[in-house]
Amino acid sequence: MPASTLAAQAFTSCLLLLSVLAGCQPKQRPVAEAAPTGAEPAADTVAGPLARAAIHRQFAQWRQRQVRAGRLWAPDSCKPWLLRGRELPELPLSLPDSAEYSYSFADLNQDGRLDGLMTFVPAQCDGGTGVLWLHLRYEVLALSAARGYRLHDSLRLAQFSRRPAAEKAGFYELDSLGPNRLYATYLEFGPESSACCPKVRRPAVFDFAARRRLR
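Under the numbering used here, think of the first position of the sequence shown as 7, with each following residue one higher.
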């Protein structure tokens, strides 16, 4: 057999061998495109869990400040038997158990970030319930600001608009938030009303930016 033919056959055999070897190699998976550095996490402006966690931390710090300042007692200090034999200027109130807090979240001030509301009724350290409807319900707003949040615990809805004459004897309780909306309940007690049952109860809605009552 001519030398040229042998060389051609050898070259063809080498090509076949290389093809077989190449087919045996594991297929490489396409490399996923890397996320750009410094990218923000999943949207967390209006409804994200990170925003809610940040607001809850603000509320926790507010509660700690109330205890340190002596305005409210810690729950584990609010026991009737601890008060025996002690002379106190007034009946102490304490933070309630964790299950007694109510929270609401919405973009109240319309800046694209979540705001929060915490409400609760303090516990009477003598075990009574007489404070339930006596304007001692705490309402704490956490409003987003340029840096973090600002807390407001002295909001009075009665200042938002002139109340009808028929509502002069009652008060508002702030219930929940909406985009630029404050949802409340108007309550009024009469001479015959018990602590549990106001004689008047009706919903009210306020425009937060305009500081006025809508209905």
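Beta carbons are placed, not taken as given, at the ideal position from N, Cα and C, and that holds for glycine. Predicted model, so just to flag it, every value in this text is computed and none were measured.
Legend entry - Spatial neighbours of A215 in its chain, beta-carbon cut-off 8 Å, leaving aside the 5 residues before and after: Here residue 215 refers to the residue found at position 209 of the sequence shown. Within the same chain, A215 has close Cβ partners N115, Q116 and N186.
Inset, instruction - Specify, as a first and last residue, the run of the beta strand (DSSP E) that A59 falls within. - result: The count along the sequence shown starts at 1 and reaches residue 59 at position 53. Residue range P55 to R74 is occupied by the alpha helix (DSSP H) that includes A59, with no beta strand (DSSP E) assigned at that position.
Legend entry - Opening and closing residue of the beta strand (DSSP E) in which G184 lies: Stepping through the sequence shown from its first residue, residue 184 is reached at position 178. F177 to G184 is the span of the beta strand (DSSP E), which, as asked, contains G184.
Inset, instruction - Compare the C-alpha of H62 against each of V127, R74, S100 and G154 and name the closest. - result: What you label residue 62 is simply residue 56 of the sequence shown in a count that begins at 1. Per the Cα distances, G154.
Inset, instruction - Below 7 Å CB to CB, which residues in the same chain sit around D181 once its five sequence neighbours on both sides are set aside? - result: Walking along the sequence shown from the start, residue 181 turns up at place 175. Excluding positions up to five away in sequence, the list reads Y189, A190 and T191.
Legend entry - Test item: CB-CB of C131 and S100 under 8 Å: Within the sequence shown, the letter at position 125 stands for residue 131. Within the sequence shown, the letter at position 94 stands for residue 100. In contact: C131 and S100 (Cβ atoms closer than 8 Å).
Legend entry - Member of L161, S150 and F166 whose CA lies at the smallest distance from the CA of Y144: Residue 144 sits at position 138 when you count from the first residue of the sequence shown. The residue with the shortest Cα to Cα distance from Y144 is L161.
Inset, instruction - Take W79 and list the residues in its own chain whose beta-carbon comes closer than 6 Å to its own, dropping the five residues that flank it on each side. - result: For the purposes of this step, residue 79 is taken as residue 73 along the sequence shown, with counting starting at 1. Cβ neighbours of W79 beyond the five flanking positions: P98 and S100.
Legend entry - Distance between beta carbons of V211 and G237, contact taken as under 8 Å: In the structure displayed, the chain extends from 7 to 221; residue 237 sits before or after that span and is not available.
Inset, instruction - Give the single residue among G184, L120, P197 and A129 whose Cα lies nearest to the Cα of L56. - result: To locate residue 56, count along the sequence shown from 1; it is residue 50. Of the listed residues, the one whose Cα sits closest to L56 is L120.
Inset, instruction - With DSSP as the reference, label E128 as helix, strand or coil. - result: By one-based count along the sequence shown, residue 128 stands at place 122. Here residue 128 is Pro; the residue named in the question, Glu, does not match the sequence. Coil.
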